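S.K.: This structure is in structure tokens; I'll ask about it shortly.
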Amino acid sequence: MAIHEMDAYTNELKLRDASGTTFYTLALRLKFPHLKAGQAVRVRSATWDETSTQKSVLSLQHYSNIMTFIGSSKLAGAVARVQDDSAADRAELAKDVPSVAVTISEIDRKYANLPSTSLEELFGGKATADTYRTSFCVTRVEPADIRDAVKVYDRKAKKVSTAKGTKGGELVWNVQLSVKDASTLSNANQYRILNYSHEGLGAAFLGKPSNLWTDAAAAKRVEKSVANLTKFNVWVDAVVERRNGWYYIKDTKLRQ
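Residues in the sequence shown are numbered consecutively from 499, following my numbering.
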């Protein structure tokens, strides 16, 4: 099971059964607060929505129930062998406007059980830890010229400079993401998440950095990644670290 936070009240569940069929259903967060991504579940009293043509949808009633199973149970073990439908996600991502929410990234498995924190909590002065997991959509990527996304880092001066016209040097990512999530959909608030890899954080998010002024193939690949990031209904599941009031992506990479 995968979970996409639609808004402050509703989650969209992506369910995949033993036959390999993927279903989607809407679940009220207040009624089903215990659900977590990756759990084995059984949905009771649900009906197939015949009116949905773009995806298979299960409709829940007020008496419907979603039961979870402990990880050591036989049923959970059987469901654990069901693989996520990555091919379907790639097909959705190829569309101009994906019809379902697509998560374009994956985090290091050591953070798999880290609960997700909203952007409102991260930037609202409520955050007290250093490392968080969060989910967001990207509205803008800077710099506008994608060739400037990789810069040369001078460790002695602790400064970055353009890679244009240079040969060699330590290449690092220097990208800013303007982001929103379910907690900010009803307002104009946008926040900035950084992919600065000069201190080792986020080095793998967009792949290995290379001089995008001279490496046309790499520049085209990054341009495609940025185009996918900014599509409607595309989400990033990321681990971020707070440093000096900013949040930096780490231990996260885009799916290829």
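No residue lacks a Cβ here, since even glycine has one placed at the ideal position from N, Cα and C. Every value quoted in this text rests on a predicted model; they were computed, and no experiment measured them.
Got a sec, what are the start and stop residues for the alpha helix (DSSP H) residue 514 sits in?
M.R.: That residue, residue 514, is in no alpha helix (DSSP H); its beta strand (DSSP E) goes 508-514.
S.K.: Determine the contact status of residue 603 and residue 734, defining contact as a CB-CB distance below 8 Å.
M.R.: yes
S.K.: Three-state secondary structure (DSSP) at residue 811?
M.R.: Not covered by the structure: residue 811. The range shown for the chain is 499 to 754.
S.K.: In the DSSP assignment, the beta strand (DSSP E) including residue 521 goes from what residue to what residue?
M.R.: First-last of the beta strand (DSSP E) with residue 521: 520-526.
S.K.: Identify the residues that DSSP records as bridge partners of residue 502: which are they?
M.R.: 510
S.K.: Contact defined as beta carbons within less than 8 Å: I believe residue 651 pairs with residue 670. What is the distance between those atoms, to the nearest angstrom?
M.R.: 5 Å
S.K.: Please report how far the alpha carbon of residue 535 lies from the alpha carbon of residue 610, in whole angstroms.
M.R.: One C-alpha to the other measures close to 9 Å.
S.K.: Identify the residues that DSSP records as bridge partners of residue 733: which are they?
M.R.: Per DSSP, 601.
S.K.: Please return the same chain residues whose Cβ sits closer than 7 Å to the Cβ of residue 749, not counting the five positions on each side in sequence.
M.R.: 605, 606, 609 and 737
S.K.: Between the C-alpha atoms of residue 709 and residue 744, what's the straight-line distance to the nearest angstrom?
M.R.: 26 Å
S.K.: Can you give me the start and stop residues for the alpha helix (DSSP H) that residue 621 sits inside?
M.R.: 617-621
S.K.: Please confirm whether residue 694 and residue 746 have their CB atoms less than 8 Å apart.
M.R.: yes
S.K.: Take the Cβ of residue 613 as the centre, count every other Cβ of all protein chains shown within 10 Å, and call the residue buried at 16 or more, exposed below.
M.R.: exposed
S.K.: Looking at the structure shown, is residue 587 part of a helix, part of a strand, or coil, going by DSSP?
M.R.: helix
S.K.: Could you tell me the distance, in whole angstroms, from the CA atom of residue 507 to the CA atom of residue 524?
M.R.: 10 Å
S.K.: Note down the Cα distance separating residue 510 from residue 659, rounded to an integer number of angstroms.
M.R.: 43 Å
S.K.: Hey, quick one: how far does the alpha helix (DSSP H) through residue 542 stretch, first residue to last?
M.R.: Careful: residue 542 lies outside any alpha helix (DSSP H), inside the beta strand (DSSP E) at 539-546.
S.K.: Nearest-angstrom Cα distance between residue 624 and residue 676?
M.R.: 20 Å
S.K.: When you compare only the Cα positions, how much space is there between residue 707 and residue 697?
M.R.: For residue 707 and residue 697, the distance between alpha carbons rounds to 14 Å.
S.K.: By the three-class DSSP mapping on this structure, what secondary structure does residue 727 have?
M.R.: DSSP, reduced to helix, strand and coil, places residue 727 within a helical segment of the structure shown.
S.K.: Just the C-alpha distance for residue 753 and residue 566, rounded to the nearest angstrom, thanks.
M.R.: 28 Å
S.K.: Out of 725, 716, 713 and 502, point me to the one whose CA is closest to residue 601's CA.
M.R.: 502
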